[in-house]
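Residue numbers (this note's numbering): 1 to 143.
Even for Gly, the Cβ is constructed at its ideal location relative to N, Cα and C.
Because the structure is a prediction, the values reported are computed rather than measured.
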Amino acid sequence: MVEERLTDGVRIAQLLASEVEGGVGVLDACRVSDADPDVEPTPDGALAYRITVEEGGTDDTDATDVETPARDLLAEVFVQPDRARVEFLASPDRAADAADSEGLRVRPKAVRPPRTLVFLPDGASVKRLLPVFDAVLGGARDE
Numbered sequence: 001m002v003e004e005r006l007t008d009g010v011r012i013a014q015l016l017a018s019e020v021e022g023g024v025g026v027l028d029a030c031r032v033s034d035a036d037p038d039v040e041p042t043p044d045g046a047l048a049y050r051i052t053v054e055e056g057g058t059d060d061t062d063a064t065d066v067e068t069p070a071r072d073l074l075a076e077v078f079v080q081p082d083r084a085r086v087e088f089l090a091s092p093d094r095a096a097d098a099a100d101s102e103g104l105r106v107r108p109k110a111v112r113p114p115r116t117l118v119f120l121p122d123g124a125s126v127k128r129l130l131p132v133f134d135a136v137l138g139g140a141r142d143e
């Protein structure tokens with residue numbers, strides 16, 4: 001049995017990125033973007049990467065003639081010395097309910113537009129976060 005918990009924020013964020021990029025089901029449409037491979041954790045949290053969702057359309061900001069999928073921002077991932085933090089921009093209420101159901105620490109962020117912060121204190125919490133993506137992405141399709 002493993003007795004040590006993984007509590008390095010950068011490593012936790014890397015585990016989440018692996019889950020997203022190797023996604024199955026609703027995560028299949030998700031991508032890691034704007035990743036900072038040299039990110040250093042800070043007490044307030046440093047932006048490690050964004051998680052986007054590919055839509056069926058094309059990205060109008062692309063100046064080339066090549067069709068690329070349009071991407072919507074789903075969440076941003078921040079690293080702190082002892083944990084990672086995911087800030088859900090899409091469906092923050094749905095994210096809060098799902099994360100709370102999974103036993104993850106959740107906090108609203110009072111900004112415009114509102115966000116939901118979900119804290120990942122260890123590597124095992126990454127797996128508990130996956131149903132949150134299901135809830136957020138499943139709900140977005142229903143709306």
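When DSSP states are grouped into helix, strand and coil, ASP72 belongs to the strand group.
Around the CB of GLU21, fewer than 16 other CB atoms lie within 10 Å, so the residue is classed as exposed. In the three-state DSSP reduction, LEU104 falls in the coil class, being neither helix nor strand. Secondary structure of ARG11 (DSSP, three-state): helix. Looking at the backbone, the Cα of ASP8 and that of SER18 are separated by about 16 Å. Note that the C-beta distance between ALA84 and VAL136 is not below 8 Å. With contact defined as three or more Cβ pairs closer than 8 Å, the segment 37–50 and the segment 96–106 are not in contact.
For VAL136, DSSP assigns no beta-bridge partner whatsoever.
With respect to the C-alpha of VAL53, the residue from SER33, PRO113, ARG115 and ARG128 having the closest C-alpha is SER33. Taking GLN14 as reference, the option from PHE133, ALA124, ALA95 and PRO92 with the minimal CA-CA separation is ALA124. Following the DSSP letters along the chain, one finds ALA84 inside the beta strand (DSSP E) bounded by residues 83–88.
In the DSSP assignment, VAL118 forms a beta bridge with VAL86 and VAL106. For VAL111, no beta strand (DSSP E) segment is defined, and its DSSP state is neither H nor E. Take the alpha-carbon of ASP93 and the one of ASP38: they are about 32 Å apart. Of PRO81, LEU6, PHE133 and VAL126, the smallest CA-CA separation from GLU40 is found for PRO81.
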